[in-house]
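Before any comments, here is the structure.
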Amino acid sequence: MLAYLIRRLLYAIPILVGVNLLTFALFFVVNTPDDMARMQLGIKRVTPEAIEKWKAQHGYDKPLLFNAQAAGVEKFTETIFVERSVSMFAFDFGYSDDGRSISREIGTRMWPSLAIALPNFFVGLALYITFALLMTLFRGTALDVAGVALCVVLMSISSLFYIIGGQFLVSKLWHWVPISGYAPGLDGLKFLVLPVIIGVIGGIGGNARWYRTIFLEEVNKDYVRTARAKGLSEIKVLFRHVLKNALIPILTGVVVVIPLLFMGSLLTESFFGIPGLGSYTIDAINMQDFNIVRAMVFLGSVLYIVGLILTDISYTLVDPRVRLQ
Amino acid sequence: MSEILGVDGLTVRLPNGAAVVDGVSFALRRGETFALLGESGCGKSVTALSLMRLLPDGVRVAGGAVRLGDSDVLTLPEREMCAVRGGRLAMIFQEPGLSLNPVLTVGRQIAEVLELHGGDQASVQAETVEAGGCSRARLDQSGEVGIEVEQRCIELLTQVGIPDAPRRIHEYPFQLSGGMKQRVMIAMALAGAPGVLIADEPTTALDVTIQAQVLQLLRDTQAESGMAMLLITHDLGVVAEMAHQVAVMYAGQIVERASRQQLFTQPLHPYTRKLFAALPDARRGAAPLEAIPGNVPTPDAMPPGCRFAPRCDRAWALCHERAPEWREVDGQGVRCHLYAPEGAGREQGEAAGAAEPGFYPAPDSRSHTLLEVSNLQVHFPIRRGVLQRQVGVVRAVDGVSLEIGAGRTLALVGESGCGKTTAGKAMLQLIAPTAGSVRFGGQELIGLSAQALRAQRAGMQMVFQDPYASLNPRMRVAEILDEGMAALGVGGDSAARQGLMDALMEQVGLSAAAKWRYPHEFSGGQRQRIAIARALAVNPQLLICDEPTSALDVSVQAQILNLLRALQQELELSYLFITHNLAVVEYLAHEVCVMYLGRIVERGATAEVLGAPRHPYTQALLSAVPRVDGGSGQVIRLAGEMPSPAHPPQGCHFHPRCPQAMTICRETYPGETALGGTQRVHCHLYAESVGRAGD
Ligand SMILES: Nc1ncnc2c1ncn2[C@@H]1O[C@H](COP(=O)(O)OP(=O)(O)OP(=O)(O)O)[C@@H](O)[C@H]1O
Ligand code: SF4
Ligand code: SF4
Ligand SMILES: [Mg+2]
Numbered sequence: 071m072l073a074y075l076i077r078r079l080l081y082a083i084p085i086l087v088g089v090n091l092l093t094f095a096l097f098f099v100v101n102t103p104d105d106m107a108r109m110q111l112g113i114k115r116v117t118p119e120a121i122e123k124w125k126a127q128h129g130y131d132k133p134l135l136f137n138a139q140a141a142g143v144e145k146f147t148e149t150i151f152v153e154r155s156v157s158m159f160a161f162d163f164g165y166s167d168d169g170r171s172i173s174r175e176i177g178t179r180m181w182p183s184l185a186i187a188l189p190n191f192f193v194g195l196a197l198y199i200t201f202a203l204l205m206t207l208f209r210g211t212a213l214d215v216a217g218v219a220l221c222v223v224l225m226s227i228s229s230l231f232y233i234i235g236g237q238f239l240v241s242k243l244w245h246w247v248p249i250s251g252y253a254p255g256l257d258g259l260k261f262l263v264l265p266v267i268i269g270v271i272g273g274i275g276g277n278a279r280w281y282r283t284i285f286l287e288e289v290n291k292d293y294v295r296t297a298r299a300k301g302l303s304e305i306k307v308l309f310r311h312v313l314k315n316a317l318i319p320i321l322t323g324v325v326v327v328i329p330l331l332f333m334g335s336l337l338t339e340s341f342f343g344i345p346g347l348g349s350y351t352i353d354a355i356n357m358q359d360f361n362i363v364r365a366m367v368f369l370g371s372v373l374y375i376v377g378l379i380l381t382d383i384s385y386t387l388v389d390p391r392v393r394l395q
Numbered sequence: 002m003s004e005i006l007g008v009d010g011l012t013v014r015l016p017n018g019a020a021v022v023d024g025v026s027f028a029l030r031r032g033e034t035f036a037l038l039g040e041s042g043c044g045k046s047v048t049a050l051s052l053m054r055l056l057p058d059g060v061r062v063a064g065g066a067v068r069l070g071d072s073d074v075l076t077l078p079e080r081e082m083c084a085v086r087g088g089r090l091a092m093i094f095q096e097p098g099l100s101l102n103p104v105l106t107v108g109r110q111i112a113e114v115l116e117l118h119g120g121d122q123a124s125v126q127a128e129t130v131e132a133g134g135c136s137r138a139r140l141d142q143s144g145e146v147g148i149e150v151e152q153r154c155i156e157l158l159t160q161v162g163i164p165d166a167p168r169r170i171h172e173y174p175f176q177l178s179g180g181m182k183q184r185v186m187i188a189m190a191l192a193g194a195p196g197v198l199i200a201d202e203p204t205t206a207l208d209v210t211i212q213a214q215v216l217q218l219l220r221d222t223q224a225e226s227g228m229a230m231l232l233i234t235h236d237l238g239v240v241a242e243m244a245h246q247v248a249v250m251y252a253g254q255i256v257e258r259a260s261r262q263q264l265f266t267q268p269l270h271p272y273t274r275k276l277f278a279a280l281p282d283a284r285r286g287a288a289p290l291e292a293i294p295g296n297v298p299t300p301d302a303m304p305p306g307c308r309f310a311p312r313c314d315r316a317w318a319l320c321h322e323r324a325p326e327w328r329e330v331d332g333q334g335v336r337c338h339l340y341a342p343e344g345a346g347r348e349q350g351e352a353a354g355a356a357e358p359g360f361y362p363a364p365d366s367r368s369h370t371l372l373e374v375s376n377l378q379v380h381f382p383i384r385r386g387v388l389q390r391q392v393g394v395v396r397a398v399d400g401v402s403l404e405i406g407a408g409r410t411l412a413l414v415g416e417s418g419c420g421k422t423t424a425g426k427a428m429l430q431l432i433a434p435t436a437g438s439v440r441f442g443g444q445e446l447i448g449l450s451a452q453a454l455r456a457q458r459a460g461m462q463m464v465f466q467d468p469y470a471s472l473n474p475r476m477r478v479a480e481i482l483d484e485g486m487a488a489l490g491v492g493g494d495s496a497a498r499q500g501l502m503d504a505l506m507e508q509v510g511l512s513a514a515a516k517w518r519y520p521h522e523f524s525g526g527q528r529q530r531i532a533i534a535r536a537l538a539v540n541p542q543l544l545i546c547d548e549p550t551s552a553l554d555v556s557v558q559a560q561i562l563n564l565l566r567a568l569q570q571e572l573e574l575s576y577l578f579i580t581h582n583l584a585v586v587e588y589l590a591h592e593v594c595v596m597y598l599g600r601i602v603e604r605g606a607t608a609e610v611l612g613a614p615r616h617p618y619t620q621a622l623l624s625a626v627p628r629v630d631g632g633s634g635q636v637i638r639l640a641g642e643m644p645s646p647a648h649p650p651q652g653c654h655f656h657p658r659c660p661q662a663m664t665i666c667r668e669t670y671p672g673e674t675a676l677g678g679t680q681r682v683h684c685h686l687y688a689e690s691v692g693r694a695g696d
């Protein structure tokens, strides 16, 4: 197992370099250093000298990928790409264009993101599994059909509608909670309730239906028939036999997103004015702040890889066939 | 003897209304085994599942009664039914590998039954109840069991012959072999001390030597506990060995019921007689098997009169019009017009001319060698660690040598996992051999370039075990046949190929027009015919057939075996026939090689090897096959199972299971000894230095 993990981590390095290169290329194809300087300096003060000066100040005065002037290895190292990338592997993200430390920014902004994403994730998971189990228990009956129909309806509605509809009803009409905003600590609770509930509802359709499919597939397996032949009641069959087996694909499917919860949700955060990493990313894209965008993409890739590794570990925890081999 | 379970007019319908079980009646008595015999799809399993009320969603019982003691199982409330299942009525299933919960320990799964049906283990239940909810919760979560229950689990596992039970109860099903899993299933069934055990094809998924062990176990348990057993099987041999009473099912109905004695000496129903005639057997010599033409009708397209009429060679007008009534003749029940007053005079005398077109004598053994394999090895690396270093090898095939003459059949026999399939694929170069030589028509195949190999491929083709999986479901039969011909450039232009295809279809016994249909529109037997046609399309000289009939029913198997034999005569084909079925070998093969753990342990002409097996493994294998003529000889029961090819035992691979093992067997692998005739064997018993000491 340890050997396996080490191997996975080694595999991660080329993936991260590749992701980095890709972000880099995409970003600078649309947006050359000159464009960035112009954007930052504002229309009026743009003289070629000012642009050169800004580039030199911010470290964009070198070639992008290949430095023909330099000698030897420096042909590759004396470039924007390498200078900006290497430090990232030490999780040093540098400074945003307005001069703030990106690492510090991430450190403070991840908490609001987590405050929404974590409850959303766990409440959602519990609710979807319960809902799917109920549909499985009543499979083939009108209740099941109604449940599936509800899922399909919920699934086909855009998440924007939930957000706007929810804000309108709950905040505007009924004045139960503030429409948007954030406060740290317990005071923030009133800001979190609505986005979490909306997030959970938005996920019901797709997830409950998916879990129901997993349960139904499991329910028709031979070992479930054996369990019934022992004289177990249907509920016990579901809880003692089906649930544990079905949780293997469900858990391993969701574990991969757990690390990504840090990154928050782009849509929810910007609509509810949550100062988390999601809205941070959106703002950076709007501002064409390459350092932030790249830091967030890098962080996302790292967290995704961590998620994949966690998935493998979770397999070994829940599935004895993997654990003991 | 008292009746313990009575089934009366049981009828079961599919969601579309078709009756898959139609008015089935029988009775089980204490201490008796009642066998339900029939081909796939005839309704055996549905009958069994309706007794347990475990029918799949949508399938429902439409009529009849199932008496268990003084209650009707079919009308019990679900709560009471739960007490019956696993308690008075227990069931074991065909696929032990799929029938156990993969994520619960064996002990946990048995304990569950003990907790539900304390029965005579009242003390066990009391103990768990006293310990209260807390202990119950611990049982459920940790997968471990309380002391008393654990003790009883160990007893049960020991009773079903699992060595080292205290360790095994903490293991998961995937850590056990197929035979052990089926033993666990039996232990689970016995845990509720049932009055009736329903066994649905309990040994079909197991190897013969393991099957022999499991059947023996079932017999012993029955003798001990006096339970009644409903044994569902398609294998006449298993019936001969196990049953007291037999019912033969065909297309949802019982067509004949008799004691074993009566059934085997005087079968009444034409279908039963055909089943016997379809069994391959060496004594038939060159005579073709009596295949039953056609297929079992599907439930939604039942013939109006007798359901067997379209396939029955005794049928007359009445049979097609009116369904025959159930009739008792000397204590033997039968559903056939021959035994009604209307059929008087017809039941005597055998049907005329059932045999398929004639056979020619086998080509003689002086034919030239077509395929010559020497010292073929296939080793799969086992990799581990950060760098995936190779830490060992699975010696799937470890030095196999054989020759096949033109127009002759060589059978490669052995239990699952012995390396038969791998050897076959390596000869075709579908798997790269690790070492050795494969010469086909004098040409060495190993090391050939892909292109040169393709030219040789037309000469040797493979037919696979599963006719369902080996044909692309999205291609018409014509496309399937054309694909191979076009790829290898056989058969000229596409118009010429169409003509060839028609001829091929006729050759394998299908109509030419059928080539425009898709594989799923054919039955299993017909699909296997298509697979054979596909192989023949490129004019091969050698067919490697990997278990081509083991997924088929006996009556259909006979059709395919006859076809293969006829094709051999017609086209001078050679066959390498990979199988575990010794009866098929007897019928089809000129020579046989017996394989154990990657090596051939005995070989020679079929008559010599199967007539007088010399290697202890061959002897055990032969004696383990249930014989229709009943226990002709003493069965040699092998202990244990075949070891893993990753860790073959030192010395003779077979010594841990060999009843005649000697000291030298633990030390060196025996060399080959010729035994006169064509028979050769790898066993120290016959080595010159040891003499015939152990014989
Ligand atoms: N790709 C592979 N990697 C590792 N081991 C393999 C591989 N293929 C086959 N084996 C092993 O080689 C041995 C022989 O396999 P093979 O499929 O030839 O057996 P078989 O005699 O045809 O069995 P069966 O009757 O079940 O088909 C088995 O132990 C199998 O697990
Ligand atoms: S009733 Fe007629 S068709 Fe049916 S089995 Fe008897 S003889 Fe054959
Ligand atoms: S060599 Fe020894 S162990 Fe092997 S089969 Fe012969 S007698 Fe048995
Ligand atoms: Mg095989």
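Protein chains in written order, with the numbering used here: chain A, 71 to 395; chain B, 2 to 696. Yeah, the Cβ is synthetic: ideal placement off N, Cα and C, and Gly gets one too.
- Membership of His380(B) in the beta strand (DSSP E) is indicated by the continuous run Thr370 to Arg385.
- Around Gly88(B), the beta-carbon contacts reaching into chain A at under 7 Å are Gly301.
- In this structure, Cys43(B) has its CB at a distance of at least 7 Å from all heavy atoms of ligand 2.
- Arg391(A) carries a helical assignment under DSSP once its states are collapsed to helix, strand and coil.
- In chain B, no part has a C-beta under 8 Å from the C-beta of Arg282(A); the shortest such distance is about 14 Å.
- Contact note: Glu4(B) does not reach chain A at a C-beta cutoff of 7 Å; the least C-beta distance is about 23 Å.
- Per DSSP, reduced to three states, the secondary structure at Ile199(B) is strand.
- Any Cβ of chain B closer than 8 Å to the Cβ of Thr206(A) would place that residue at the interface, and such an atom is absent.
- Relative to ligand 3, the beta carbon of Pro671(B) is positioned inside 7 Å of a heavy atom.
- In the displayed model, Met463(B) falls within a strand according to three-state DSSP.
- Nearest to Met463(B) by C-alpha distance, out of Ser512(B), Leu577(B) and Arg169(B), is Leu577(B).
- Residue burial annotation: Thr296(A) is buried, with at least 16 other C-beta atoms found within 10 angstroms of its C-beta.
- Residues with their Cβ less than 5 Å from any non-hydrogen atom of ligand 3, running along the chain, are Pro617(B), Cys653(B), Phe655(B), His656(B), Cys659(B), Gln661(B), Ala662(B), Cys666(B), Pro671(B), Cys684(B), His685(B) and Leu686(B).
- A Cβ-Cβ distance of about 14 Å is found for the pair Glu445(B) and Glu404(B), leaving them out of contact under the 8 Å criterion.
- The C-beta of Lys242(A) comes no closer than 8 Å to any C-beta of chain B.
- Nearest in C-alpha terms to Asp71(B), of all of Leu105(B), Val239(B) and Leu6(B), is Leu6(B).
- Neighbourhood of Asp165(B) in chain A, by CB distance below 7 Å: empty, with the nearest CB roughly 17 Å away.
- Nearest neighbour of Val152(A) by Cα position, chosen from Gly346(A), Val87(A) and Val372(A), turns out to be Val87(A).
- For Cys594(B), the CB contacts under 6 Å within the same chain, skipping 5 residues up- and downstream, are Leu403, Leu413, Ile601 and Arg604 in chain order.
- Ser3(B) carries a coil assignment under DSSP once its states are collapsed to helix, strand and coil.
- Residue state for Leu219(B) is assigned as helix, using DSSP reduced to three classes.
- Judged by DSSP in its simplified three-state form, Ile249(A) adopts coil rather than helix or strand.
- Here Ser340(A) carries a helix assignment [DSSP, helix/strand/coil].
- Between the beta-carbon of Gly253(B) and that of Cys43(B) there is about 7 Å, and that keeps the pair under the 8 Å contact cut.
- In the DSSP assignment, Leu50(B) falls within the alpha helix (DSSP H) that extends over Lys45 to Met53.
- Burial check for Gly641(B): the Cβ neighbour count within 10 Å stays below 16, so the residue is exposed.
- Looking at the DSSP output, Val8(B) sits in a beta bridge with Phe27(B) and Val67(B).
- Within its own chain, the residues whose Cβ lies closer than 7 Å to the Cβ of Val312(A), once the five positions on either side in sequence are excluded, are Phe285, Glu288, Val289 and Val294, listed in chain order.
- With contact defined as three or more Cβ pairs closer than 8 Å, the stretch 145–157 of chain B and the stretch 370–384 of chain A are not in contact.
- Contact between Tyr281(A) and Ile199(A) holds: CB atoms are separated by about 6 Å, below the 8 Å threshold.
- Listed along chain B is no residue with a C-beta nearer than 9 Å to that of Pro329(A); the closest approach is about 23 Å.
- Cβ atoms of Leu482(B) and Met502(B) come within 8 Å of each other, at about 5 Å.
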